[in-house]
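If you read the sequence shown in my numbering, its first letter stands for residue 359, the second for the next number, and so on.
Heads up, the beta-carbon is just placed ideally off N, CA and C, and yes, glycines get one too.
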Amino acid sequence: MKVLLVGGSGHVGTMTIPYMKPDHQFRILDLSPPKDPSVDYIEGSVTDPNIVQQALKGMDTFVYMVMRRPTSDNSSVANFDDIIANHEVNVMGLHILLHAAKAEGIQHGVYTSTFTVHERTRNYFPAEEKVPLDNPGVYGLSKGFGEQVCQYFCREHKMSIIALRITGPSTRQQWQERRTQPKSNPVHIWWTDEEDLAMAYLSAISVSHTGFNAVFIAGDEEQQEINLSKAKKILGWEPRTQTSFAIE
Numbered sequence: 359m360k361v362l363l364v365g366g367s368g369h370v371g372t373m374t375i376p377y378m379k380p381d382h383q384f385r386i387l388d389l390s391p392p393k394d395p396s397v398d399y400i401e402g403s404v405t406d407p408n409i410v411q412q413a414l415k416g417m418d419t420f421v422y423m424v425m426r427r428p429t430s431d432n433s434s435v436a437n438f439d440d441i442i443a444n445h446e447v448n449v450m451g452l453h454i455l456l457h458a459a460k461a462e463g464i465q466h467g468v469y470t471s472t473f474t475v476h477e478r479t480r481n482y483f484p485a486e487e488k489v490p491l492d493n494p495g496v497y498g499l500s501k502g503f504g505e506q507v508c509q510y511f512c513r514e515h516k517m518s519i520i521a522l523r524i525t526g527p528s529t530r531q532q533w534q535e536r537r538t539q540p541k542s543n544p545v546h547i548w549w550t551d552e553e554d555l556a557m558a559y560l561s562a563i564s565v566s567h568t569g570f571n572a573v574f575i576a577g578d579e580e581q582q583e584i585n586l587s588k589a590k591k592i593l594g595w596e597p598r599t600q601t602s603f604a605i606e
């Protein structure tokens with residue numbers, strides 16, 4: 359399958375592409391070139407409709423990986439630059455992409471959302487539909503708006519989009535270091551290993567489904583704080599990295 363990775367030169371794309379390349383043919387749309395020079399690359403911004411249309415030509419599907427984080431997730435300290443930048447890429451750029459994809463006849467895609475659409479001080483996250491999109495920061499707010507844009511295109515234009523609410527995307531080294539540190543913070547952040555994250559994307563790209571679905575993707579293999587049953591049901595996904603090597 360030919361897949362456009364929008365923002366694929368970033369942290370998430372860089373760590374997942376090596377695992378995904380054997381399965382699909384990728385093209386990256388980004389302001390910066392990818393670290394892997396063998397991947398087809400188009401330079402440009404997702405806020406430029408002409409570049410987006412060019413990048414989508416000949417593609418079967420897309421994965422939206424653009425994530426612009428502000429200096430703080432606290433809305434009380436967000437500045438105007440944060441507000442503008444986050445809404446440009448998390449809302450407007452996504453809307454442009456979906457509109458262009460619809461025109462190209464592309465009906466299925468994957469949106470990289472974030473666990474930060476939720477206010478994160480809860481002790482347990484029971485299910486995607488039971489937890490409100492209530493993060494007080496501009497990043498979480500705008501990513502939540504992005505999910506609503508996806509829902510609109512699914513409802514009005516019969517697209518099918520899976521939003522992966524990822525948390526703590528980590529390289530293998532970062533994952534090992536973070537998971538072996540004492541959990542001094544009573545509110546845990548469950549880091550997700552790069553290979554597990556790549557497997558979630560591969561499943562979301564290929565799965566047959568209708569409409570919009572948001573899915574938790576986290577390295578909470580024992581589901582102590584995050585219910586991952588929807589990811590297993592829809593994507594056949596669960597974190598498996600802990601079985602690949604021993605944590606000392």
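query = Mind checking His476: buried by the 16 CB within 10 Å criterion, or exposed?
reply = buried
message = Can you tell me which residues form a DSSP beta bridge with Leu362?
response = Arg385 and Phe420
message = Alpha carbons only, please: which of Tyr510, Val370, Asn493 and Ala589 is nearest the one belonging to Pro578?
response = Per the sequence shown, residue 578 should be read as Asp rather than Pro. Nearest of Tyr510, Val370, Asn493 and Ala589 to Asp578, Cα basis: Ala589.
key: Residue(s) in a DSSP beta bridge with Val468   = Val421 and Ile520
key: Sub-8 Å separation of Pro326 and Ile442 beta-carbons   = Residue 326 lies beyond the range of the chain shown here (359 to 606); nothing can be said about it.
key: Nearest-angstrom Cα separation, counted from Glu514 out to Thr529   = 38 Å
ask   = To which residues does DSSP link Ala589 through a beta bridge?
value = Answer is none; Ala589 lacks a bridge partner.
query = Short check: CB of Ile520 to CB of Ala459, under 8 Å?
reply = no
message = I need the DSSP call for Thr599, collapsed to helix, strand or coil.
response = helix
query = Pro490: buried (16+ other C-beta within 10 angstroms of its C-beta) or exposed?
reply = exposed
key: Terminal residues of the beta strand (DSSP E) in which Val573 lies   = Phe570 to Ile575
key: Terminal residues of the alpha helix (DSSP H) in which Ile442 lies   = Phe438 to His445
ask   = Considering only the beta carbon of each residue, do Ile375 and Leu414 sit closer than 8 Å?
value = no
ask   = Given that a residue counts as buried once 16 or more other Cβ atoms are within 10 Å of its Cβ, and exposed if not, what is Pro527?
value = buried
ask   = What is the rounded straight-line gap between the Cα of Arg385 and the Cα of Ser396?
value = 10 Å
ask   = Near Asp554, what residues of its chain come up, given a Cβ to Cβ distance below 7 Å and the 5 sequence neighbours on each side ignored?
value = Gly577, Pro597, Arg598 and Thr599
request  = Take Gln383 and list the residues in its own chain whose beta-carbon comes closer than 6 Å to its own, dropping the five residues that flank it on each side.
outcome  = Lys360
inquiry  = For Val424 and Gly451, which I take to be in contact (beta-carbon distance under 8 Å), what is that distance rounded to the nearest angstrom?
reply    = 6 Å
key: Rounded separation between Thr470 and Gly368 - CA only   = 12 Å
query = So what does Asp551 bridge to, in DSSP terms?
reply = Ser528
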